[in-house]
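Take the sequence shown: its letter number 8 is residue 7 in numbering that gives the first Met the number 0, and every next letter is one higher.
Glycine included, every Cβ here is placed at the ideal spot set by N, Cα and C.
One structure is given here, and the rest of the page talks about it.
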Amino acid sequence: MNLNDLEMAETRVTAGETLVELGKTNEKIVVLGGDLSKSTHANKFGAAYPDRFYDFGPAEQNMVSVAAGLASSGKIPVVSTFAVFGSSRPYDQIRVGVSQSNLDVKIIVTHAGLITGQDGVSAQSIEDIAIMNALPNFNIIVPTDSVETRSAIKYAINTKGPFYIRLSRPPTPIIHQNDTFQFGKAESIRNGSDVTIVACGIMVIAALHAAHNLEKKVYLAEF
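This is how it looks when you write it as structure tokens:
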């Protein structure tokens, strides 16, 4: 694998396209946006299926509560916003309304981590994985690239229970040429005998570069 010659793609774009694709055959899917649907690309679903798209503006607590109600009514609601606004801001509604009731709500967030640096700390989310991981029943997926993003969203939609899918903003390298996604199972990308590196999401490509640099110093890293 030539790390400097990989095709790039935005996982948030893939997320929007995948929801549109799934919406063609599954009318239970409804998407809820929080004033950021253009940035998260959830607006693609809204353009394709306006009767199944709801924009709540900057009212994430209400958005999650409505999602819980829709799930209780047999729908498959997808909450779409930035990571910080889809985890810490509506935490109480997620904890009581979704998690404790084990409802079929899918929270797909973008702009995770420090990637929103220019927007200030209020838009950054470095604790969201810990927050969501502390909740019972929630399944957390942090895809590496657009290939895994598509597979992860399909899996979440077709699997009962609450999901938190964490995506980034900028284009990221496409590491996977084929669909190798398996929920709950680690994937070994390269073999090594000296060091083991574990990573997820956009940090996978950074870890691969680190493994490559270690190899130059005669340290074989498995990943």
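C-alpha distance - residue i paired with residue j, whole-angstrom precision
| i | j | result |
| --- | --- | --- |
| Ile156 | Gly119 | 32 Å |
| Asp50 | Leu31 | 11 Å |
| Val65 | Ser87 | 17 Å |
| Gly68 | Ser124 | 26 Å |
| Tyr48 | Ser71 | 21 Å |
| Ala133 | Asn190 | 32 Å |
| Asn136 | Gly200 | 21 Å |
| Pro76 | Leu2 | 37 Å |
| Val203 | Thr143 | 7 Å |
| Asn61 | Ile139 | 22 Å |
| Leu5 | Phe182 | 24 Å |
| Gly85 | Gly33 | 9 Å |
| Leu21 | Ile128 | 26 Å |
| Gln117 | Phe55 | 24 Å |
| Glu186 | Thr10 | 19 Å |
| Thr115 | Pro170 | 14 Å |
| Val12 | Leu213 | 33 Å |
| Val29 | Lys215 | 50 Å |
| Gln99 | Asp91 | 11 Å |
| Ile154 | His208 | Reading the sequence as shown, one finds Tyr at residue 154 and not Ile. Approximately 29 Å between the Cα atoms of the pair. |
| Ile188 | His211 | 12 Å |
| Asn101 | Ser79 | 19 Å |
| Asn25 | Glu16 | 14 Å |
| Leu113 | Ala206 | 17 Å |
Beta-carbon proximity of residue i to residue j, cut-off 7 Å
| i | j | result |
| --- | --- | --- |
| Thr148 | Ala46 | no |
| Pro89 | Glu59 | yes |
| Ile164 | Ala151 | yes |
| Lys224 | Lys27 | This structure gives no information on residue 224, because the portion of the chain shown stretches from 0 to 222. |
| Ala8 | Ser145 | yes |
| Pro57 | Val97 | no |
| Asp103 | Lys184 | no |
| Val83 | Ala122 | yes |
| Leu18 | Phe52 | no |
Counted within 10 angstroms of its Cβ, other Cβ atoms place residue i as buried (16 or more) or exposed
| i | result |
| --- | --- |
| Phe81 | buried |
| Pro172 | buried |
| Ser192 | exposed |
| Lys105 | buried |
| Leu35 | buried |
Anticipated Cβ contact below 8 Å, residue i with residue j, distance rounded
| i | j | result |
| --- | --- | --- |
| Val141 | Ile93 | The pair is not a contact, with the Cβ atoms about 17 Å apart (cut-off 8 Å). |
_Touching by the beta-carbon criterion (3+ pairs, under 8 Å), the segment 36-43 and the segment 189-197_ = no
*How do the segment 175-183 and the segment 91-111 stand: do at least 3 beta-carbon pairs fall below 8 Å, yes or no?*
no
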